[in-house]
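Residue numbers (this note's numbering), protein chains in the order written: chain A, 16 to 433; chain B, 21 to 115.
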């Protein structure tokens, strides 16, 4: 790897590692100092390496310099003297000997502990995502802003608010224990899934960045699966779910950045390897007594990796949506369930059920009705697609809805369109 | 929003009232779809549960506002066609 590529690459992977280890060692209240030390380390690297050439082992170099900078900081920091040094002196006689453990094992422990801190339920979902991308995935503020079509200031504010909150609430950075795994793991999984969804569904046209976000989400979850304490059936089901979605990544975006809908996708572009990995994980998740929403969603996503429409497929999808809704209601699940119902029991049954949903300000609700009324009542279909257009705020969705409207217009030329 | 309890009574004792295993099997799917449909309207308070058969009613309920809607939902229960009776009760709001 060339030097120009190496530093950004190391920044992405090692910045978060060192920051995690330092935070894990000294606590969340010193997070800014930890970040300063690591930034400073990278600055030294950039200066020195461009001048003297790359060291033999750049990562080891970064670790050594970060350790030294930390020790220097500790030596001269008065706050440290007052608050922490007494405690430290009890455990190690010599301050200078204090170990900052940048071993593989401790980096992985630190990152896992940090993950549970960042996903703490006391901070808002938006902030969790920004903070996770920044601290756990090594994304810069600008990258996060680009991925989510917002500006640097917004991201910066979100991250800072989250950090302040973690400090104010004195959230500990500790290894997840068996005792609190059930309550905390759920919020961690939720953040990871949010992170993935942000990457997957974001309207930003920055495809590479969005794919990176999804990959990072899968990588974080992989850490959970590799740790025996956190490797629960739900975590495995979530990973399977993400693999199934990610398998379509190459097929769902056209060269011009437009979204390609499921039915129009080139199936040969679907990543069979990821589908196989997901299937294996989902089978492995079928243990224990807890059926999570990720099990159901992964099951649904699995069936969508089978493009052929079979009775078995839609029966299974309808069943899974029924179970998902009983567990946790969401408008989008209700709409998808009704679509599946139409596939199994016919459009008329689905229309009756759809009209009970009354999601009257939801664009997808009208799109669903539009699709169900197509071939049954063109006027009704058109009317619903027009309502869908009215409530849609995404340009990509509007394009799709317009396509349906045009098709309907061709079928019934006497219908007037405003 | 008031909460309603739908109690499904099915005659399991008399000989001819019991559906065949095939009928039972055939009823499962529509039953799940029915519950799923209620959940899809975000009107499911808690999933179906089996209750102790020896329970007794200790309070008389009065009919108020959305009873009609609860009855309408109950009518959709596919088990009715196998001779079941669905009882609708509103939960008395706890003060």
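Every residue, glycine too, gets a C-beta built ideally from N, C-alpha and C.
Since the model is a prediction, treat every value here as computed from it, not as a measurement.
Contact with chain B by residue i, beta-carbon distance below 8 Å
i	result
residue 160(A)	no
residue 349(A)	yes
residue 110(A)	Note that residue 110(A) scores 48 on pLDDT, short of 50, meaning its location in the model is unreliable and no value can be drawn from it.
residue 306(A)	no
residue 368(A)	yes
residue 435(A)	A question about residue 435(A) goes unanswered here, because the residues of chain A that appear run from 16 up to 433.
residue 334(A)	yes
residue 344(A)	yes
residue 352(A)	yes
residue 337(A)	yes
residue 372(A)	yes
residue 341(A)	yes
residue 146(A)	no
residue 356(A)	yes
Inter-residue spacing [alpha-carbon to alpha-carbon] between residue i and residue j
i	j	result
residue 91(B)	residue 344(A)	22 Å
residue 112(B)	residue 26(B)	14 Å
residue 245(A)	residue 196(A)	7 Å
residue 62(B)	residue 178(A)	36 Å
residue 106(B)	residue 93(B)	10 Å
residue 314(A)	residue 140(A)	25 Å
residue 127(A)	residue 29(A)	15 Å
residue 22(B)	residue 305(A)	30 Å
residue 226(A)	residue 273(A)	15 Å
residue 115(A)	residue 309(A)	38 Å
residue 140(B)	residue 353(A)	Residue coverage of chain B in this structure runs from 21 to 115, which leaves residue 140(B) outside it and unanswerable.
residue 143(A)	residue 135(A)	8 Å
residue 451(A)	residue 85(A)	Because chain A is modelled from 16 through 433, residue 451(A) falls outside the range shown and cannot be assessed.
residue 286(A)	residue 318(A)	15 Å
residue 65(B)	residue 52(B)	15 Å
residue 209(A)	residue 120(A)	27 Å
residue 242(A)	residue 404(A)	47 Å
residue 7(A)	residue 292(A)	Residue coverage of chain A in this structure runs from 16 to 433, which leaves residue 7(A) outside it and unanswerable.
residue 295(A)	residue 261(A)	15 Å
residue 301(A)	residue 173(A)	37 Å
Any chain A beta carbon closer than 8 Å to residue i
i	result
residue 98(B)	no
residue 103(B)	no
residue 24(B)	no
residue 67(B)	yes
residue 28(B)	no
residue 12(B)	No statement about residue 12(B) is possible, as the shown extent of chain B runs from 21 to 115 and does not include it.
residue 53(B)	yes
residue 77(B)	Unreliable positioning characterises residue 77(B) in this predicted model, as indicated by a pLDDT of 47, which lies under 50. The coordinate reading is nonetheless provided below. Not one chain A Cβ lies under 8 Å of residue 77(B).
residue 83(B)	Low local confidence applies: a pLDDT of 46 at residue 83(B) is under 50, so the model's placement there is unreliable, with the coordinate-based value given in what follows. Judged by the 8 Å Cβ criterion, residue 83(B) is not in contact with chain A.
Cβ-based burial, residue i [other Cβ within 10 Å; buried from 16]
i	result
residue 378(A)	buried
residue 24(A)	exposed
residue 38(A)	buried
residue 234(A)	exposed
residue 351(A)	buried
residue 129(A)	buried
residue 41(A)	buried
residue 161(A)	buried
residue 66(A)	exposed
residue 311(A)	buried
residue 420(A)	buried
residue 338(A)	buried
residue 223(A)	exposed
residue 267(A)	buried
residue 41(B)	exposed
residue 91(A)	exposed
residue 303(A)	exposed
residue 334(A)	buried
Residues of its chain near residue i, where Cβ-Cβ distance is below 7 Å and the 5 sequence neighbours each way are ignored
i	result
residue 415(A)	276
residue 386(A)	none
residue 399(A)	381, 384, 385, 388
residue 369(A)	353, 383, 384, 387
Same chain, Cβ closer than 6 Å to residue i, five either side skipped, listed in chain order
i	result
residue 211(A)	229, 232, 257
residue 332(A)	315, 318, 355
8 Å Cβ shell around residue i - same chain, five flanking residues per side excluded
i	result
residue 364(A)	356, 357
residue 117(A)	32, 33, 36, 78, 81, 82
Any C-beta of chain C under 8 Å from that of residue i
i	result
residue 66(A)	Of the protein chains in this structure, namely A and B, none is chain C.
Runs of alpha helix (DSSP H) lying entirely within the segment 294-378 of chain A, each at least 4 residues, in chain order: 308-319, 326-342, 346-360, 362-372
Ranges of the alpha helix (DSSP H) found wholly within the segment 26-106 of chain A, counting only runs of at least 4: 46-67, 73-91, 93-98, 100-106
Length-filtered (4 minimum) alpha helix (DSSP H) runs lying within the segment 146-218 of chain A: 156-162, 167-183, 193-216
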